[in-house]
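So the structure is just underneath, and the comments pick up after that.
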Amino acid sequence: MAPTARTGSWKHRFKEQEQLLANADNILRLSTLTEIRSPEDVVTLHRHLGACIQETRQLEDKLAKKLSKKLKNQVPNNGRGIQRQNSIGPFLAWLKENGAKMNGCSIAAFEGYGLGIKLDQTAAKNSLIMSVPSKLFMSTDSAKRSILSNLFDKLDILKNMPNVLLAIHLLVEKFSPNSFWKSYINTLPKTYNTILYFTQLELEELAGSCALEPSYTQIRSIIRQYAYFYKVFATLDHEIGELMHKFSFKEYW
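Put into structure tokens, the structure is as follows:
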């Protein structure tokens with residue numbers, strides 16, 4: 399199923415959504431260029447992509463404000479804005495309620511690393527300190543059983559790239575007001591210490607190293623995925639299309 403910018407299911411579309419669709423077309427074009435031969439070409443391309451993404455972010459901010467006014471009192475918060483530290487209690491309650499067990503360990507904050515599992519007492523070698531039922535895991539199997547099932551059957555990218563399927567599965571659940579995984583999702587970090595969060599200048603500091611090319615390749619891939627799915631969700635007429643009107647570069651990144 400190929401996305402198209404000519405039709406769309408989002409009712410009462412704002413001009414920013416039309417502009418974002420046009421931006422998605424431009425991003426897809428830039429991110430699939432094949433005549434890139436030198437490191438200088440790669441840097442130039444990513445500067446152009448960076449400008450497109452900056453414009454996309456600005457449009458998304460404007461759109462978010464308009465949607466917030468339009469959908470006020472209609473869309474549950476679903477935990478957005480909850481501090482990670484404040485999410486631990488509800489998460490532990492959810493784990494216990496669904497059969498997970500923690501023996502002599504707890505969730506704690508580690509400076510420079512974020513949240514993790516801390517052993518609170520001495521444990522014997524090979525002893526079980528934590529058990530989690532498989533039903534609590536977000537997986538490709540749970541994605542295929544979700545409202546994504548029909549989309550999975552139609553889109554090769556979801557069939558061939560399990561990491562992308564999981565990313566979309568996570569966003570669908572994040573945007574769902576009654577998600578089973580709400581307590582888990584609220585514990586996730588907002589940013590990570592990876593190259594995806596480097597500025598363009600920081601990336602260019604990698605020039606001359608073996609890390610530059612794979613870094614740019616990964617970034618282009620994710621940028622391309624965002625543009626592709628933005629167009630897909632804009633043209634869907636069923637439940638996912640309505641749910642994913644909040645899909646954005648910021649959320650996918």
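Counting from 1, position 177 in the sequence shown corresponds to residue 575 in the working numbering; the numbering is continuous, with no gaps.
C-beta atoms are modelled at their ideal positions from N, C-alpha and C, and glycine is treated no differently.
query: Identify which residue in 453, 607, 619, 565 has its Cα closest to the Cα of residue 414.; result: 453
query: So the beta strand (DSSP E) residue 505 belongs to, where does it begin and stop?; result: 503 to 508
query: Please report the Cβ distance between residue 412 and residue 464, rounded to the nearest whole angstrom; I am assuming they are in contact, meaning their Cβ atoms lie under 8 Å.; result: 6 Å
query: Is it buried or exposed, residue 580, if we count other Cβ atoms within 10 angstroms and call 16 or more buried?; result: buried
query: Of all the alpha helix (DSSP H) runs that stay within the bounds of the stretch 530 to 567, which reach a length of 4 or more residues?; result: 538 to 542, 547 to 552, 554 to 558
query: Just the Cα atoms here: how many angstroms apart are residue 466 and residue 427?; result: 31 Å
query: Exposed or buried, which one is residue 420 when buried takes at least 16 other CB atoms within 10 Å?; result: exposed
query: Please identify the residue among 539, 545, 501, 429 whose C-alpha is closest to the C-alpha of residue 525.; result: 501
query: Label residue 609 either buried or exposed according to how many other C-beta atoms from any shown protein chain fall within 10 Å of its C-beta, with 16 as the threshold for buried.; result: exposed
query: Could you pull the DSSP bridge partners for residue 487 from this structure?; result: Its beta-bridge partners do not exist; DSSP assigns none.
query: If you count every other CB in all the chains shown that lies within 10 Å of the CB of residue 511, and 16 or more means buried, which is it?; result: exposed
query: Would a C-beta distance cut-off of 8 Å place residue 540 and residue 498 closer than the cut-off?; result: no
query: Does residue 601 come out as helix, strand or coil in the three-state DSSP assignment?; result: helix
query: Nearest-angstrom Cα distance between residue 587 and residue 617?; result: 20 Å
query: Which class does residue 523 belong to by DSSP, given the choice of helix, strand or coil?; result: coil
query: Go to residue 413, then tell me how far its beta strand (DSSP E) extends in each direction, as first and last residue.; result: Counting along the chain, residue 413 falls outside any beta strand (DSSP E), though it belongs to the alpha helix (DSSP H) covering 413 to 429.
query: CB-CB under 6 Å to residue 645, same chain, minus the five flanking residues each way: which ones, in chain order?; result: 631
query: Just curious, the alpha helix (DSSP H) that residue 514 is in, first and last residue?; result: Looking at the DSSP string, residue 514 is not in any alpha helix (DSSP H); the run it does join, the beta strand (DSSP E), is 512 to 517.
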